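Peer 1: Quick note on numbering: the first sequence equals residues 54 to 594 in the working numbering. Glycine included, each C-beta is placed from N, C-alpha and C at the ideal position. Computed from a predicted model, the values in this text were never measured in an experiment. Have a look at the structure that comes next, please.
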Amino acid sequence: MNIEETLKLKIQSALKGYNLSLELSDIIIENTKNKEHGDYATNVALKSASRLGKKPRDFALELVEVIDKEGIEKIEVAGPGFINFFLKKDTINSAISMIIAKGDDYGRGEKKNKKINVEFVSANPTGDLHLGHARIAAVGDSICRVYDFAGYDVDREYYLNNCGNQVATLAMSLNIRYHQLFGEKVELPEDSYHAHDIIDIATEFKNTYGDKYLDNSKETLDFMMEYGIEKEFEKIKRDLESFRTSFDIYTKESDVRKDNHVQDVLKNKFAKYTYVLDGATFLKTTDFLDDKDRPVVKSDGQFTYLMPDIAYHLDKLSRGYDLLVDVLGADHHGYINRMKSALMMQGYSKDVLEVELVQIVRLIKDGKEMKMSKRTGAGITLRELCEDVGVDAVRYFFVSRAASSHLDFDLDLATEKSSSNPVYYAQYAHARLCNVLEKSSDIEIDLSAKNLKEPAEVELIKCLLDFPRLVETSAANREPNLIATYIQRLAGFVHAFYSECRVIDRDNLDVTSSRLALVKACQIVLKNALTLIGVSAPKKM
RNA sequence: GCGCCAAUAGCUCAACUGGAUAGAGUAUCUGACUUCGAAUCAGAGGGUUGAGGGUUCGAUUCCUUCUUGGCGCGCCA
Numbered sequence: 054m055n056i057e058e059t060l061k062l063k064i065q066s067a068l069k070g071y072n073l074s075l076e077l078s079d080i081i082i083e084n085t086k087n088k089e090h091g092d093y094a095t096n097v098a099l100k101s102a103s104r105l106g107k108k109p110r111d112f113a114l115e116l117v118e119v120i121d122k123e124g125i126e127k128i129e130v131a132g133p134g135f136i137n138f139f140l141k142k143d144t145i146n147s148a149i150s151m152i153i154a155k156g157d158d159y160g161r162g163e164k165k166n167k168k169i170n171v172e173f174v175s176a177n178p179t180g181d182l183h184l185g186h187a188r189i190a191a192v193g194d195s196i197c198r199v200y201d202f203a204g205y206d207v208d209r210e211y212y213l214n215n216c217g218n219q220v221a222t223l224a225m226s227l228n229i230r231y232h233q234l235f236g237e238k239v240e241l242p243e244d245s246y247h248a249h250d251i252i253d254i255a256t257e258f259k260n261t262y263g264d265k266y267l268d269n270s271k272e273t274l275d276f277m278m279e280y281g282i283e284k285e286f287e288k289i290k291r292d293l294e295s296f297r298t299s300f301d302i303y304t305k306e307s308d309v310r311k312d313n314h315v316q317d318v319l320k321n322k323f324a325k326y327t328y329v330l331d332g333a334t335f336l337k338t339t340d341f342l343d344d345k346d347r348p349v350v351k352s353d354g355q356f357t358y359l360m361p362d363i364a365y366h367l368d369k370l371s372r373g374y375d376l377l378v379d380v381l382g383a384d385h386h387g388y389i390n391r392m393k394s395a396l397m398m399q400g401y402s403k404d405v406l407e408v409e410l411v412q413i414v415r416l417i418k419d420g421k422e423m424k425m426s427k428r429t430g431a432g433i434t435l436r437e438l439c440e441d442v443g444v445d446a447v448r449y450f451f452v453s454r455a456a457s458s459h460l461d462f463d464l465d466l467a468t469e470k471s472s473s474n475p476v477y478y479a480q481y482a483h484a485r486l487c488n489v490l491e492k493s494s495d496i497e498i499d500l501s502a503k504n505l506k507e508p509a510e511v512e513l514i515k516c517l518l519d520f521p522r523l524v525e526t527s528a529a530n531r532e533p534n535l536i537a538t539y540i541q542r543l544a545g546f547v548h549a550f551y552s553e554c555r556v557i558d559r560d561n562l563d564v565t566s567s568r569l570a571l572v573k574a575c576q577i578v579l580k581n582a583l584t585l586i587g588v589s590a591p592k593k594m
């Protein structure tokens, strides 16, 4: 049981005599920003005084009388009616042994028995991943890590669009590049993929098959499409892997479409919500959340992207998830109400799908915005980014910003100043702690940590105690940036402690062994937090 | 025109989801290595939280009207 829980219980039992029926989760314990306000504070008196017809301050004073004071130095009422707790040093210090005992599991939440599917990246296999995908990958992967650590059952999924116009264009581009390699004077049309990787794949194709496929037949194009998709997708997976992002499930659009499944879904489940106009079939999404009805079958008989996508989301739900999360670029926001409407047609709540929008990243080079485009191949790829700036720095950069924040990525600044990336501040703190532990390996650690009393030490311990709650909040709101902010704060306290309190002092082993316990606890928490956002915790730098 | 997202220190971003004196980094200035790693620390300056109105004990946070910017508004995905 941690300190916050204990305080909540004390408050709850103090409230028993009043007719308030407050859940434990309604009682909010806050960290104080100011030492004069004690270690922790609660606003219950402010919140509920009016329901009892009392003045907040008076009610707070009443409560203080009946709260169990064990482990507490003193309780004060302040301001409009805050109740401030000043804890005994032992109470705070005792947290350290608990953290060390839990180790890698410190901060892990209890099992929630909630199955969540997070789909992210899902980029078309028509070219390299770029800057925007990097942000989505960093945010999506971190969300999954936080979910998992907080106690949710999470599956990471990638939806591979291997049907439709995009991949047909890929085949066409590949075919033309292939012909060009034989000296033919054919130009790439404007709307094909111009990036260099298509030439690489065409070259590989030529090296494998020679001139066997110069006939421009439909069979050849189909074969090239298969070939191109496979090569592109292999590349994507490899790049994501080196970005420390992996998936549990890959679903291909072709599998969703298999055996006329999409036709069946449309006919059997959506017939009453469709109508035909100008030869196309429309879905009445306006009956639910949308502002326009959406075409699901084009007048040429082909599905639009939406219909297989709907079938795909229904498939995910049929696998037993309590919640679907799609992490999408903000330019897809129009998509949300369409999909939710379709799911609602099948009786699902609109909340069964949550879409996490990640704002567009603008690439700045030489002080100017550089438009990224898969078609022209302009921009910077995830791979180049990792090579130039480093995986840790890139991930940290993206995760430390709220997904909703619009941000500019200045390439020159990122490469040139990568050494001033805040990630190194945290990693350095971790390396310093490891160094101390290594140098003192012969000294016994005092798990009771009874000799800690300096302000820098107390601040640090209280920061360590925040971690579990932070994990919960971060997961519940899908905000991994909270973890990054926490890491900065913790690293700050660690550095301050390091300079103020010398740890290893062989003439004073009592204090040394207590401080070593604190050092160990900090090292654990820092590492756990960094792992949550996919950043390494090095022992040396 | 309609919709979604945003606007906080010179710059890049926070603010525990409605709490007490709005905080970090960076940049500028001043100090600190004979000691566990100076990729660090201590300190200074820097704010009408885009503007107005509302809700209440209390608003950067919620509602509303503007302003500015980004992104959408296809039988593309």
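With a CB to CB cut of under 8 Å and the five nearest residues on each side skipped, what residues in its chain are close to residue 554?
Peer 2: Cβ within range, chain order: 507, 509, 510 and 568.
Peer 1: Measuring CA to CA, which of 241, 138 and 155 is closest to residue 81?
Peer 2: Out of 241, 138 and 155, 138 has the C-alpha closest to the C-alpha of residue 81.
Peer 1: Just to confirm, is the Cβ distance from residue 432 to residue 184 under 9 Å?
Peer 2: Yes, the pair counts as a contact, with Cβ atoms nearer than the cut-off.
Peer 1: Find the nearest neighbour of residue 115 within the set 504, 130 and 122, judged by alpha-carbon distance.
Peer 2: Ranking the options by Cα distance to residue 115, first place goes to 130.
Peer 1: Contact defined as beta carbons within less than 8 Å: I believe residue 156 pairs with residue 204. What is the distance between those atoms, to the nearest angstrom?
Peer 2: So it is not a contact: roughly 17 Å between Cβ atoms.
Peer 1: In chain order, which beta strand (DSSP E) runs of at least 3 residues are fully inside the stretch 313-361?
Peer 2: Runs of the beta strand (DSSP E) inside the stretch 313-361: 327-330, 333-336 and 347-350.
Peer 1: Just to confirm before moving on: does the CB-CB distance between residue 410 and residue 363 stay below 9 Å?
Peer 2: Cβ distance not < 9 Å, so residue 410 and residue 363 don't count as in contact.
Peer 1: State the start and end residues of the unbroken beta strand (DSSP E) segment that holds residue 127.
Peer 2: First-last of the beta strand (DSSP E) with residue 127: 125-131.
Peer 1: Output the distance between the C-alpha atoms of residue 242 and residue 171, rounded to the nearest integer angstrom.
Peer 2: Cα to Cα, residue 242 sits roughly 37 Å from residue 171.
Peer 1: Do you know whose CA, among 123, 150 and 153, lies nearest residue 141's CA?
Peer 2: Closest by alpha carbon: 123.
Peer 1: Between the stretch 185-196 and the stretch 446-459, can you find at least three pairs of beta-carbon atoms closer than 8 Å?
Peer 2: Yes, they touch.
Peer 1: What does the Cβ neighbour count give for residue 284, buried or exposed, with the cut at 16 atoms within 10 Å?
Peer 2: When all chains shown are included, residue 284 counts as buried.
Peer 1: Note down, one range per segment and in chain order, each beta strand (DSSP E) of at least 3 residues found wholly within the stretch 129-213.
Peer 2: Listed in chain order, the complete beta strand (DSSP E) runs (minimum 3 residues) inside the stretch 129-213 are 135-140, 168-172 and 206-213.
Peer 1: Quick one: Cα of residue 274 to Cα of residue 282, how far?
Peer 2: If I take the Cα positions, the gap works out to 12 Å.
Peer 1: Does residue 84 come out as helix, strand or coil in the three-state DSSP assignment?
Peer 2: Looking at residue 84 - three-state DSSP - the assignment turns out to be strand.
Peer 1: Would you call residue 256 buried or exposed, if buried means 16 or more other Cβ atoms sit within 10 Å of its Cβ?
Peer 2: It is exposed - the Cβ of residue 256 has fewer than 16 other Cβ atoms within 10 Å.
Peer 1: Please report the straight-line C-alpha distance between residue 60 and residue 468, rounded to a whole angstrom.
Peer 2: Distance between the alpha carbons of residue 60 and residue 468: 47 Å.
Peer 1: Just the Cα atoms here: how many angstroms apart are residue 413 and residue 454?
Peer 2: Roughly 12 Å between the two C-alpha positions.
Peer 1: Counting beta carbon pairs with one atom in the stretch 330-348 and one in the stretch 307-317, are three or more of them shorter than 8 Å?
Peer 2: No: fewer than three Cβ pairs fall under 8 Å.
Peer 1: Which residues does DSSP pair with residue 426 in a beta bridge?
Peer 2: For residue 426, which the question treats as bridged, DSSP gives the partners 431.
Peer 1: Keeping to the same chain, check which residues put their C-beta closer than 8 Å to that of residue 280; ignore five residues upstream and five downstream.
Peer 2: Contacts found: 227, 254 and 258.
Peer 1: Near residue 55, what residues of its chain come up, given a Cβ to Cβ distance below 6 Å and the 5 sequence neighbours on each side ignored?
Peer 2: Correct list: empty, nothing qualifies.
Peer 1: Counting only the same chain and skipping the five closest in sequence on each side, list residues whose C-beta sits under 6 Å from that of residue 379.
Peer 2: Taken in chain order, the residues that qualify are 172 and 408.
Peer 1: Pull up the distance between the alpha-carbon of residue 92 and that of residue 63, whole angstroms please.
Peer 2: Distance between the alpha carbons of residue 92 and residue 63: 16 Å.
Peer 1: Out of 558, 505, 552 and 435, state which residue places its alpha-carbon closest to the alpha-carbon of residue 297.
Peer 2: The option with the nearest alpha carbon to residue 297 is 435.
Peer 1: What are the partner residues of residue 304, as DSSP defines its beta bridges?
Peer 2: The partner list for residue 304 (beta bridge, DSSP) reads 212.
Peer 1: Below 9 Å between beta carbons: does that hold for residue 535 and residue 523?
Peer 2: Result yes, Cβ atoms of residue 535 and residue 523 sit closer than 9 Å.
Peer 1: What would DSSP say about residue 417, mapped onto helix, strand or coil?
Peer 2: Three-state DSSP puts residue 417 in a strand.
Peer 1: Applying the criterion that 16 or more other CB atoms from any shown protein chain within 10 Å of the CB defines a buried residue, is residue 175 buried or exposed?
Peer 2: Under this definition residue 175 is a buried residue.
Peer 1: Check whether the Cβ atoms of residue 489 and residue 556 sit closer than 9 Å, and answer yes or no.
Peer 2: Against a cut-off of 9 Å, the Cβ pair of residue 556 and residue 489 comes out as a contact.
Peer 1: Which first and last residues belong to the alpha helix (DSSP H) in which residue 407 is found?
Peer 2: Run containing residue 407: none in the alpha helix (DSSP H); it sits in the beta strand (DSSP E), 406-411.
Peer 1: Is residue 355 closer than 9 Å to residue 483 when the C-beta atoms are compared?
Peer 2: Against a cut-off of 9 Å, the Cβ pair of residue 355 and residue 483 comes out as no contact.
Peer 1: First and last residue of the beta strand (DSSP E) that includes residue 95?
Peer 2: It spans 93-95 - the beta strand (DSSP E) in which residue 95 sits, taken as one unbroken run.
Peer 1: Less than 8 Å between the CB atoms is what I'm expecting for residue 439 and residue 295, so what's the real figure, rounded?
Peer 2: Correct: roughly 6 Å between the Cβ atoms.
Peer 1: Short of 7 Å in beta carbon distance, which residues of its chain neighbour residue 461, apart from the five on each side in sequence? Order them along the chain.
Peer 2: Result list for residue 461: 415 and 417, in chain order.
Peer 1: In chain order, what residues of the same chain have a beta carbon less than 8 Å from the beta carbon of residue 373, not counting five sequence neighbours either side?
Peer 2: Taken in chain order, the residues that qualify are 168.
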